[in-house]
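K.L.:
Could you have a look at this structure, given as structure tokens, before my questions?
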Amino acid sequence: MTGAGFVLNNEMDDFAAKPGTANQFGLVQGENNAVAPGKRMLSAMTPTVVANPDGTLRMVTGTPGGGTIITTVFQTISNVLDYGMNVVDAVNAPRIHHQHLPDQIYFEPAGLAPESVAQLQAMGHTLVERTGMSGDAQVIIVDGELLKAWSDPRRGGQAIGY
0 MTGAGFVLNN
10 EMDDFAAKPG
20 TANQFGLVQG
30 ENNAVAPGKR
40 MLSAMTPTVV
50 ANPDGTLRMV
60 TGTPGGGTII
70 TTVFQTISNV
80 LDYGMNVVDA
90 VNAPRIHHQH
100 LPDQIYFEPA
110 GLAPESVAQL
120 QAMGHTLVER
130 TGMSGDAQVI
140 IVDGELLKAW
150 SDPRRGGQAI
160 GY
């Protein structure tokens, strides 16, 4: 509210309330993102529109999820564009995540082959297997005249069209 001295939104956690201390998502932020009047907070919000080479719409996607937003959106897009997955498989595929601090690689069951886990651990990486740790991707893919949508089952969403 202008002139009232406070913000009406749910984004205060995107500021570093106490720089150098982890927030609710385990993210550690510095002084540059400290709370101050008139500042915009750092945010991982990544609503994304993907176009075909000719400029036509290919897909739209986004997700909530704090520190996992960027990796969730990237992996969903990569699953479609790089691996040719359909919308359901692209969203449902196991995910991996690393956010620098804490210095750990999180992965969902079947997200990494056991050999890959062993190789990464041998190189000194810390890996943590977690179920449902990453986002709530919502995706629409344009396939000719059809719109194909899917909602991430990790949080019980639904895609409904008409």
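According to numbering that gives the first Met the number 0, the sequence shown is numbered sequentially starting from 0.
Think of the CB as a built atom: it goes at the ideal place given N, C-alpha and C, for glycine as much as any other residue.
Can you give the Cα-Cα distance for Gly-156 and Gly-131, rounded to whole angstroms?
P.N.:
Residue 156 sits at position 157 when you count from the first residue of the sequence shown. Residue 131 sits at position 132 when you count from the first residue of the sequence shown. Cα-Cα distance, rounded: 13 Å.
K.L.:
Taking DSSP as the reference, what is the three-state secondary structure of Met-11?
P.N.:
Residue mapping note: residue 11 aligns to position 12 of the sequence shown, counting from 1. The answer is helix: DSSP assigns Met-11 an H, G or I state.
K.L.:
Within 10 angstroms of its Cβ, does Phe-77 collect 16 or more other Cβ (buried), or is it exposed?
P.N.:
Locating residue 77 in the sequence shown gives position 78, counting from the first residue. This sequence places Ser at residue 77; Phe is not what is there. When all chains shown are included, Ser-77 counts as exposed.
K.L.:
Compute the beta-carbon to beta-carbon distance between Phe-14 and Met-40, rounded to the nearest angstrom, for a pair I have assumed lies under 8 Å.
P.N.:
Taking the first residue of the sequence shown as position 1, residue 14 is located at position 15. Taking the first residue of the sequence shown as position 1, residue 40 is located at position 41. About 5 Å; that satisfies the 8 Å criterion.
K.L.:
Output the distance between the C-alpha atoms of Asp-151 and Glu-114, rounded to the nearest integer angstrom.
P.N.:
In the sequence shown, counting from the first residue as 1, residue 151 sits at position 152. In the sequence shown, counting from the first residue as 1, residue 114 sits at position 115. Cα to Cα, the separation comes out at about 28 Å.
K.L.:
Within 8 Å, do at least three Cβ pairs link the region 53 to 71 to the region 119 to 138?
P.N.:
These segments touch.
K.L.:
Taking the alpha-carbon positions, what's the Gln-74 to Arg-94 distance?
P.N.:
Counted from its first residue, the sequence shown places residue 74 at position 75. Counted from its first residue, the sequence shown places residue 94 at position 95. Approximately 7 Å, taken between the alpha carbons.
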